[in-house]
Amino acid sequence: MAEKVLMKGNEAMAESAIRAGCRFFFGYPITPQTELAAYMSKQMPKCGGTYLQAESEIAAINMVYGASAAGARVMTSSSSPGISLKGEGISYMAGCDLPGVIVNVQRGGPGLGGIQPSQSDYWQATRATGHGDFQIMVYAPSTVQEMADYAYLAFDKADEYRIPVMILADGMLGQMMEPVLMPEPKDELPEKPWATTGHKNERKHNIVDSLYLTPDALERLNRERFERYEVIKANEQRAELFMCDDAEIVLVAFGASARIARSAVVAAREQGIKAGLIRPITLWPFPTDAFESVMDTARDFLVVEMNMGQMVEDVRLVSEGRVPVEFFGRTGGIIPTPAEVLKRIEAAHERVGE
Amino acid sequence: MAEKVLMKGNEAMAESAIRAGCRFFFGYPITPQTELAAYMSKQMPKCGGTYLQAESEIAAINMVYGASAAGARVMTSSSSPGISLKGEGISYMAGCDLPGVIVNVQRGGPGLGGIQPSQSDYWQATRATGHGDFQIMVYAPSTVQEMADYAYLAFDKADEYRIPVMILADGMLGQMMEPVLMPEPKDELPEKPWATTGHKNERKHNIVDSLYLTPDALERLNRERFERYEVIKANEQRAELFMCDDAEIVLVAFGASARIARSAVVAAREQGIKAGLIRPITLWPFPTDAFESVMDTARDFLVVEMNMGQMVEDVRLVSEGRVPVEFFGRTGGIIPTPAEVLKRIEAAHERVGE
Amino acid sequence: MARIIVDDYFCKGCGLCVDACPVQILELDMATITEKGYHPAFCEDQSKCTGCMSCALMCPDCAIKVMR
Amino acid sequence: MARIIVDDYFCKGCGLCVDACPVQILELDMATITEKGYHPAFCEDQSKCTGCMSCALMCPDCAIKVMR
Amino acid sequence: MSAEEKVVFERPHALLPVITNYCPGCPHGIVHRLVAETIDELGIEGETVGVAPVGCAVTSVDFFGCDMIEAAHGRAPAVATAVKRVHPNNVVFAYQGDGDLASIGMAETVHAATRGENITVIFINNAIYGMTGGQMAPTSLPHQITQTSPYGRDTTTAGFPIRVSELLSSLDGVAYLERVTVDSPKNVRKAKKAIKKAFQNQIDGVGYSLIEVVSTCPTNWGLSPQDSFNWMRENMLPYYPLGVYKDVVADGFANAAEAAAARSADCPVAHPEKAGA
Amino acid sequence: MSAEEKVVFERPHALLPVITNYCPGCPHGIVHRLVAETIDELGIEGETVGVAPVGCAVTSVDFFGCDMIEAAHGRAPAVATAVKRVHPNNVVFAYQGDGDLASIGMAETVHAATRGENITVIFINNAIYGMTGGQMAPTSLPHQITQTSPYGRDTTTAGFPIRVSELLSSLDGVAYLERVTVDSPKNVRKAKKAIKKAFQNQIDGVGYSLIEVVSTCPTNWGLSPQDSFNWMRENMLPYYPLGVYKDVVADGFANAAEAAAARSADCPVAHPEKAGA
Amino acid sequence: MARDLSLILAGFGGQGVLFAGKIIATAGLIEDREVSWLPSYGPEMRGGTANCSVTLSDDPIGSPLVTAPNALVVMNQPSMDKFDTAVVPGGVMVVDSTLVQRIPDSEDVCVCAIPATEMAEENNMKGLANVILVGKLFAETHFCEEETLFAAMEKCVPARKRHLLDANMAALKLGMQA
Amino acid sequence: MARDLSLILAGFGGQGVLFAGKIIATAGLIEDREVSWLPSYGPEMRGGTANCSVTLSDDPIGSPLVTAPNALVVMNQPSMDKFDTAVVPGGVMVVDSTLVQRIPDSEDVCVCAIPATEMAEENNMKGLANVILVGKLFAETHFCEEETLFAAMEKCVPARKRHLLDANMAALKLGMQA
Ligand SMILES: Cc1ncc(C[n+]2csc(CCOP(=O)(O)OP(=O)(O)O)c2C)c(N)n1
Ligand SMILES: Cc1ncc(C[n+]2csc(CCOP(=O)(O)OP(=O)(O)O)c2C)c(N)n1
Ligand code: SF4
Ligand code: SF4
Ligand code: SF4
Ligand code: SF4
Ligand code: SF4
Ligand code: SF4
Ligand SMILES: [Mg+2]
Ligand SMILES: [Mg+2]
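Chains as they are written, first to last, in my numbering: chain A, 139 to 492; chain B, 139 to 492; chain C, 96 to 163; chain D, 96 to 163; chain E, 67 to 343; chain F, 67 to 343; chain G, 7 to 184; chain H, 7 to 184.
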């Protein structure tokens, strides 16, 4: 019987990917995601898979592109600066409707920045991993268990919608160990009749391409893709609501900072403050429905992030002036403390009155 | 005496950059910005400047980084896929507070996409040219004259705030000719005591670096930078208001699409519809003040873009539910027609009633 | 008896076949303009054709079929 | 008379100087722990030092000064 | 057609019957045909996956009958690597121009080669960026005039051309490198032979093979197809001499790995098999 | 200090008196000193701009006394190129590891070299990614065990090591390439000579010079500094033989451009000066 | 004052439609009007068609892309087929009848067909059919003052090609009289 | 049921503080409690300090980064200096007194100093000072059942290193009795 094991988040994502049928991993070393690649380099040869250390993040994402075009379940992982280098490749994947899973174990930026945990690639992940009109799905796990679960799910969603999917983690989640129950290995994977596998003289040749020299054709494709995005928005939003039933001060936080926010909510409740937490699990699509469900009681949104306030805009876009949106964040690799957050809750509580 | 000349937008930006004191250009060929590089390759040798065709967009942006670190006024240009490749480098520039001017003559995306004009890199420009917490300034000219003017101004602002500045153009603006009056050549450029010019044994060594292994130091720097961003937001917003005094249907459009929107506004006024146009010239900082000035009369915002609706969010963030925000866009390289836009104005007019 | 057929649908009138033919029997047909706007190649003396395929080997557009 | 000075502030106790000294007069001082936690090198017989600089050439931390 | 008459030359099956968008007289078309003929002759169309570059041959995805992938600019070697890893029994080729392969894609090229990826690369060296309208390429010759070297390539500022076959020849993963051209029926035949060998090598698991085709760009050189070949012969061939730059099989090895092992014979860690001896 | 006593060896001025964060016994420190000594001896600290890599030497910006720039991973050659173009009279050097220079930065390396940028590159080949904790590098040897080649580098999947000096030697822009090591006082002296020549070349406008230092990483190799040198001597030096791989001055040319011109003598467009003859 | 001109010039690449458009745009510049010139672009050099939009106006120009031209200059059949229905009623079409066989006739549009290529060849003006057509367009629409047109031509023929100016001027005049 | 443990283990890289933390986390796992383990990371191998945070709790764990530990295991002076004031009143400090000379005394915190490194060397357990300290911490806090601790040790010594298990167990017991 399956039992829980202690595992680092980085390793949990790797093991879970393998169980989801991923047999191709292309990556380039970078802190703090190294354990993921190291795990793959150890395990892939054992399960007949391929671990290939690419010459760069660019080569890696283009290998992902190639392997995906060839019909494989494939993954790459990196951290912030390395993800920037993958931007063109991710845009190409989107433009060819290629599935694939990209892990970003974020660190402080900009530039070389630091190697401590951060959430400062939120905008990049949700708005513009690359150029052009497109979106990718973004999961933001907040425990090692979720890292395993969403890495696993990501492959299914990527194939289902033919879309790149990102796991947006950070150095804290990647490095920490927690008990985790691994999902069951998959034995059947979806057919991909569009893949470039060699046509065996049995069908017309398949083409994987994102070039459309006539604007009409390109617009048509973009519109079709955006219709698919609407389906995703309707079906794939995920969020956890914690103590939200009667919450007045609603914290909003994802990933690592959500753990801290949760502690702060518990502490606030101990003081009798009606605090709650919305934890977006999908960052794109943004879980707007979850927000609607708290609009009646909410008197203040307090967004807690490990960046300078990037998710704030998404919350403001849902709120549209109905509920004020505040922000508390630490950046540069600093993990906020529950005490800091609690202070902000108290201040908000005071402001909105009893 | 200076007189107007007919010039392509791409060439106007190049000439204007030279007049602004830019003597270093690093680029890599891509349609539809080729004329800019070709112009530089012709003119730079004549004025003692350097035109260097880099081996890639990545090399080009890192050459910009190096030249800027060394104290020079420096420019690069590219188009959408090439800009994605510059993401890491731009983030490094931001992380080192290096000035520099980056031109994006946008084309349709995602992926290789097409080569016709597009505005689908709005999010990339305003939210995430790369990883990490940072912003760059973004000018969106809408005439060849403005391409010259803002390319010129961009160098001053880049130096003033030690920030990368982007000119967000598109294939239509880059390729078209219009009469343009060139700004005067500059002969004096600002001192840069921080530059790595060789210390001549006269000062401590200068260091250009974005690595901060202690999170506190990195956070401090990020916060300082964001304070500078607030100054920019306060001082550098630019927008053109056209027929906005009593406008009920307020179009919002930048760059190329603003030209079409303007024609549509004129046509609508001829029908007695109180239409107007807000044309953001700075996309970051977004000209929120301009919007406040129309809130009294506006009953509908109609955002017109050559993408799937990226600026819409910025307009909604200003409006915060006060005025509904609609969208009309074409993508994939299609330039919308004034007639299409007019129809949307008429529909909006009908909806909001007399 | 060898002969060639030039397919005007593909021929772009580049003239590479003309230069390549060792017996110099190929010419561009200045009187004809193809759909795409080119003067196609034609063989002005099939009887001299040796079927050597030089023309076809040089044709960038696979417009030439050689028969023997 | 040649001699060397090891600067404990810089020495990381790597021992490369010890191996390099042709007259084998360098050792790591196991009794001392530097600020950074290392056993620094020291010269156990200055009189034998030839000032050949081998130790200093090998020192990755510029911890050795040689005098002659 | 008379009873005895046989078709001795016609469009290969693997080259689809569509009009390419290459300029009249562009050698891209000739090389496409040679690749397609090779695919036909080896009977591998159903197993072949081609990777197109960004460059004039970007549209080759529509011309080859096998499955095709269009790679990002310069990244065809990385894409081809992955495709080959996923389907080791497929035949995978990358078709690239000089800007694509030797400029932006240099790292991917060198690394696919040094890894000894068992793929075939067709490299069209036309000394210019054709697709984007004639900018200087990494292989443009000294003093060659292009859109971005309007006064002729000045090597003091723009540097020297890269000789790709020479460059890659030092890499252990490389099995076969030959430089050919297609300016005459004779050279077309030679080029064909080289291309076919490069594919056969892959089938035989010999290792990474690259065929450099010295080519032209009549449109951007501003010359007729014929004059382009003349200019090429006069100027490019002295700079880029034709010939075999590496051939491990001819050197007596079964494959690139064997040749590499022989070269590094003195390195103990590379030869654990000798440890016991 | 007695009256006659002279300091014959001490920290060079261009190496700031700060404790590096390199591991005990790491050769990075030795090479830093050699660079700093060279800067002192040539009297160029005030004119020198160094470009640091991403790798263990990322922090060298704090150690060298001259102006310093930290480049993005692999892009030091591009950064150095630009700095040199802006201040042609400055002395510009890039200091890079094997991951930085030969993996992610391969394109930038090859292109700076082929352009003949008049810069100096110091290349530390320690067969591993030191900074990130010991992953396989492009120069890791066959069967070498690293974090990402836990069963030893398998050349059938991970490919063959790149020999950088050999690779670059075919490029016309290159003036001087030498491979050295620093495992003994004698070799340290040789390395110093090579490094100094590489700087002097730049001052003399000879062209691109690169010194490859075969090095170690005691920490990630899991060996003592001494055993690391032993392993290096036994395994790396046979794979990466020491010596001069290119030296245009020794070959009788004033600089790389002259050597290149001689090599391409048969190419008319490259030699307009001959047209009139 | 001339009325607004919304012009498309179209033909094969190499026929000089972009240059012809530039002459007209330059005329607008000289008269200090609002002017725009927009070429089709991309890998169309390869035997495809080339065209450009030119607008002269007294009001700021919105889209420089002309979709409803009041004037059309055509130099090949594909372009004729592509653009003929786009011309607005009251517009004018100037056609090189040497190269365009099928010329639609329309009641609303004034069609002026002249064998410009033939005329050019006959008059030793090879390659100047484009300029002849500009002359004809001028004759039909008077999009600027006559002296402006000549001044524009002088501006457009680059200094180092002064020897070509005469031929160009002659071609222009030939077209004006055709 | 044991109370919540918020532990920091700190020392030089290579002393095995991460492994020590893993034993404790594994004990939590076996008892099905909420568990987290977070190492300091980065280029600290280079002679810097290494530390990790371990939390055992009956409630979901917020931040795995322990900033206010109720237990501290210290194996070098720099770590002592860095963390001593962080320990909450009522907490416990387990110190390797072979390596840490300056040990603050505090009224609120129970300081248990044992010469773990010396003990290890004396008992032929070189490199197991970390495990001895875990034993001592257990003796002081009983963060789990005793049998759990032994089971955790068995889980943590990888299969191929079974021969080391005995030594580790012995070290653990030595610490528990110290
Ligand atoms: C990232 C990126 N950079 C630049 C371009 C523009 N681009 C398209 S093709 C090309 C180069 C074509 O030259 P080459 O590879 O020599 O092929 P050719 O057209 O000569 O056959 C370039 C730079 C692009 N599409 N993407
Ligand atoms: C774009 C990017 N990718 C990856 C990294 C992570 N990284 C930091 S140093 C390094 C390589 C270090 O190896 P090497 O260049 O050999 O230098 P060494 O540390 O061995 O001296 C890597 C991959 C990064 N910082 N940025
Ligand atoms: S087959 Fe030979 S002889 Fe016949 S037309 Fe062709 S080239 Fe000439
Ligand atoms: S070579 Fe082919 S395309 Fe060229 S003219 Fe001859 S038949 Fe036509
Ligand atoms: S100078 Fe020479 S003899 Fe003296 S200690 Fe150093 S190595 Fe030994
Ligand atoms: S070589 Fe230097 S750092 Fe190493 S032990 Fe000797 S003096 Fe100390
Ligand atoms: S532009 Fe040049 S390379 Fe491209 S198709 Fe035309 S002739 Fe061939
Ligand atoms: S990790 Fe290796 S290369 Fe880096 S400082 Fe330590 S020993 Fe040197
Ligand atoms: Mg080319
Ligand atoms: Mg290294």
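Glycine is no exception: its CB is placed at the ideal position from the N, C-alpha and C atoms.
Here the structure is a predicted model, which is why all the values come from computation and not from measurement.
By the rule that beta-carbons nearer than 8 Å mark a contact, Met310 of chain A touches chain H.
The contact set of Pro183 of chain A on chain F, defined by CB atoms closer than 7 Å, consists of Tyr217 in chain order. Counting other Cβ atoms within 10 Å of its Cβ, Gly97 of chain G reaches 16 or more and is therefore classed as buried.
Using a Cβ distance threshold of 8 Å, Tyr88 of chain E and Gly116 of chain E do not count as a contacting pair.
Taking the Cβ of Leu121 of chain D as the reference point, at least one heavy atom of ligand 5 falls within a distance shorter than 7 Å. For the set A:Val441, A:Leu455, A:Gln409, the Cα lying nearest the Cα of Glu430 of chain A is the one of A:Leu455.
Chain-ordered, the chain G residues with CB closer than 7 Å to the CB of Ser401 of chain B read Gly68, Ser69. Gly146 of chain C has its Cβ nearer than 7 Å to a heavy atom of ligand 3.
Exclusion of the five residues before and after Ala157 of chain G leaves Ile36 as the residues of its chain whose Cβ lies within less than 6 Å of its Cβ. In the DSSP secondary-structure assignment, Lys28 of chain H is not bridged to any residue. Bounds of any alpha helix (DSSP H) do not take in Glu136 of chain E; it lies within the beta strand (DSSP E) bounded by 133-136. The Cβ neighbour count for Gly309 of chain B, taken over all protein chains shown within 10 Å, is at least 16; the residue is labelled buried.
In the DSSP annotation of this structure, the continuous segment of the beta strand (DSSP E) that includes Leu243 of chain E starts and ends at 240-247. Look at the region 38-49 of chain H: the residues with a C-beta under 7 Å from a C-beta of chain A are Val41, Ser42, Trp43, Leu44, Pro45, Tyr47, Gly48.
Taking all protein chains in view, the Cβ of Pro279 of chain A is crowded by 16 or more other Cβ atoms within 10 Å, so the residue is classified as buried. Looking at the DSSP output, Cys58 of chain G shares a beta bridge with G:Leu15, G:Pro45. About 7 Å separates the beta carbons of Lys258 of chain F and Glu103 of chain F, which is inside the 8 Å limit, making them a contact pair. Shown here, Pro143 of chain E sits in a helix according to DSSP, grouped into three states. Scanning E:Asp249, E:Ala168, E:Ile110, E:Val84 for the CA closest to the CA of Asn156 of chain E turns up E:Ile110. Between Gly48 of chain H and Leu351 of chain B, the CB-CB gap stays under 8 Å. For Ala320 of chain E, same chain residues with a beta-carbon under 6 Å away, outside a window of 5 residues either side, do not exist. From the listed residues F:Asp166, F:Thr198, F:Met134, the smallest Cα separation to Phe159 of chain F is found for F:Met134. Per the coordinates, the alpha-carbon of Pro291 of chain F lies some 34 Å from the alpha-carbon of Asp354 of chain B.
Its Cα nearest to that of Gly227 of chain A, the residue B:Leu250 stands out among B:Leu250, B:Gln244, B:Leu236. In this structure Asp438 of chain B does not touch Val403 of chain B by the C-beta definition: roughly 13 Å separates them, more than the 8 Å allowed. Around the C-beta of Leu180 of chain G, 16 or more other C-beta atoms lie within 10 Å, and the residue is accordingly described as buried.
The Cβ atoms of Ile305 of chain B and Met151 of chain B lie closer than 8 Å to each other.
Of A:Leu480, A:Thr435, A:Thr172, the smallest CA-CA separation from Thr212 of chain F is found for A:Thr172.
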